[in-house]
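Below is one structure, written out as structure tokens; comments come after it.
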Amino acid sequence: MTKLDETGGLPIIPTSREDAIGFFSALKTGKAHGGLNWARRFSLFQYPFVTACCGMEYMSISSARFDMGRFGAEVPRFTPRQADLLMVVGTITHKQAPVLRRVWEAMPEPRWVMAFGVCASTGGFYQNYTAVEGIDRIIPVDVYVPGCPPRPEQVIDALMLLQDKVSTEVRGVAGARRPVVVE
Amino acid sequence: MSKKVLAALQEQFGEEVVLKTHSHRGDDTAEIVPEMIREVCRWLKSDPEMAFQQVSDITCVDWLGQSPRFEVVYQLYSLTRRHRVRLKCRVDESDPRLPSVQPVWKGANWLEREAYDMYGIVFEGHPDLRRLLLYPEFIGHPLRKDYPIRGEQPLVTMRDPESQRPVMPGGTLIQLKRPEGVRPVAEEN
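Order-wise, the sequence lines are chains G and L. In terms of this note's numbering, the numbers along the first sequence are unbroken and rise by one, the last being 183. In terms of this note's numbering, the numbers along the second sequence are unbroken and rise by one, the last being 372.
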């Protein structure tokens, strides 16, 4: 969905009218999941699992300056039952791992996971008894955002990649889900 | 300035208790016989000239290969006199125990629990000596220098069976024994 403006290099976000037309045309062509995916990609309810310094970056991204609300990922929910995007923001220790696993298990399908920052993605510089070296050792991850901390642009890029992924997902096909890596 | 704390300590307790003293740029250190640490602390707190109302930190140094192996370090501070002193006690690996100073300062409670958690120093008389930072299922003491660097002890099953730790560098499994009566956190499914 992202187009680059030739003059400024700024991403152009399609208006909701264009997208609404896309939604109904997706329904018309008989692909019901297309319409559902359209609805899902613009109503990502995030569960911010914030544990460490990346949390400051998360606050910045979700507040007015970077404005995650533009992407329909506006509403943070602090209960897993009302969220479909788990954002794991910060270091996960082995002591926390059962909690993270439980939060993920309590989320309803379809659900997606974003590993926010190097600690969540790989364990970062921790290689000892404390940290889980990458949350994908515990739960499946859809988007990895590197950086310590990641720049807001990287997170927004990840969010848009995830939206692309959500919009192309075919439900019920085993193994259809593959992780996306943000450069 | 505060060499007078060391002098007063030596005067009060003598050479049998205050084994060594050391001063460097205003940092004063006294090595105390482990059995006497609580009495020394009690006196340092109650004596009006000393008035060490606060224990800033209790930690431990692992001198692996030396005997006695561990050095428990107490950092004391007087809020009214504004002077500091550092006490050290050497305890050996075979029986690393010390009297707790929790009866002297309540603030020592968590500090001693942390030293117990990370180094396995047993503080006798502590009201609630159990792990503070790590989980109860954890085996061993990770800040000891002979604890394996990559000795992870996961509580949940990893998705990739190969990444089940604990392993040593080189991939050999660490044989760790769980203390009796401690069960791992319930596994999913």
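Every residue gets a Cβ at the ideal spot worked out from N, C-alpha and C, and that includes glycine.
Whose C-beta lies closer than 6 Å to the C-beta of residue i among residues of the same chain, with five residues either side of it excluded?
i: residue 57 of chain G; result: 149
i: residue 118 of chain G; result: 124, 146 and 148
i: residue 54 of chain G; result: 89, 90, 116, 117 and 149
i: residue 214 of chain L; result: 202, 203 and 271
i: residue 228 of chain L; result: 235 and 287
i: residue 40 of chain G; result: 166
i: residue 284 of chain L; result: 221, 224 and 291
i: residue 43 of chain G; result: 72
i: residue 384 of chain L; result: What is shown of chain L runs 184 to 372, which leaves residue 384 of chain L out entirely.
i: residue 264 of chain L; result: 234
i: residue 314 of chain L; result: 300
i: residue 80 of chain G; result: 47, 103, 106 and 107
i: residue 193 of chain L; result: 201
Go ahead and pull the three-state DSSP assignment for residue i.
i: residue 214 of chain L; result: strand
i: residue 257 of chain L; result: strand
i: residue 336 of chain L; result: coil
i: residue 249 of chain L; result: coil
i: residue 269 of chain L; result: strand
i: residue 244 of chain L; result: strand
i: residue 237 of chain L; result: strand
i: residue 262 of chain L; result: coil
i: residue 222 of chain L; result: helix
i: residue 342 of chain L; result: coil
i: residue 328 of chain L; result: coil
i: residue 41 of chain G; result: helix
i: residue 60 of chain G; result: helix
i: residue 194 of chain L; result: helix
i: residue 186 of chain L; result: helix
Tell me, which residues are paired with residue i by DSSP?
i: residue 50 of chain G; result: G:89
i: residue 206 of chain L; result: L:211
i: residue 201 of chain L; result: L:215
Tell me whether residue i is buried or exposed, calling it buried when 16 or more other Cβ atoms sit within 10 Å of its Cβ.
i: residue 199 of chain L; result: exposed
i: residue 188 of chain L; result: buried
i: residue 309 of chain L; result: buried
i: residue 205 of chain L; result: exposed
i: residue 197 of chain L; result: exposed
i: residue 297 of chain L; result: buried
i: residue 73 of chain G; result: buried
i: residue 84 of chain G; result: buried
i: residue 153 of chain G; result: exposed
i: residue 168 of chain G; result: exposed
i: residue 278 of chain L; result: exposed
i: residue 68 of chain G; result: buried
i: residue 190 of chain L; result: exposed
i: residue 97 of chain G; result: buried
Leaving aside the five residues before and after residue i along the sequence, list all residues of the same chain whose C-beta is less than 7 Å from its C-beta, in chain order.
i: residue 75 of chain G; result: 45
i: residue 209 of chain G; result: It is not possible to answer for residue 209 of chain G, since the shown part of chain G is limited to 1 through 183.
i: residue 242 of chain L; result: 256 and 298
i: residue 195 of chain L; result: 226
i: residue 82 of chain G; result: 45
i: residue 173 of chain G; result: With a pLDDT of only 44 at residue 173 of chain G, under the threshold of 50, the placement of this residue in the model should not be trusted; the figure read from the coordinates follows. None.
i: residue 49 of chain G; result: 86, 87, 88, 89, 100 and 103
i: residue 94 of chain G; result: 130 and 132
List, in chain order, every chain B residue whose beta-carbon is nearer than 8 Å to that of residue i.
i: residue 318 of chain L; result: As a matter of chain content, chain B is missing from the structure shown, whose protein chains are G and L.
Leaving out the 5 sequence neighbours to the left and right, which residues in its chain are closer than 8 Å to residue i when beta-carbon positions are compared?
i: residue 246 of chain L; result: 252, 253 and 254
i: residue 326 of chain L; result: 243, 245, 301 and 302
i: residue 261 of chain L; result: 233, 234, 235, 236, 237 and 267
i: residue 269 of chain L; result: 210, 211, 212, 213, 256, 257, 258 and 259
i: residue 316 of chain L; result: 297, 300 and 301
Check whether the Cβ of residue i sits closer than 8 Å to any heavy atom of the ligand ATP, and report yes or no.
i: residue 205 of chain L; result: Here there are no bound small molecules, and the ligand ATP is not part of this structure.
Problem set entry | Minimum length 3: unbroken beta strand (DSSP E) runs contained in the region 108-174 of chain G | 112-116 and 143-145
Problem set entry | Contiguous alpha helix (DSSP H) assignments of at least 4 residues, all confined to the region 271-322 of chain L | 291-302
Problem set entry | beta strand (DSSP E) runs contained entirely in the region 67-111 of chain G, provided each spans 3 or more residues | 85-89
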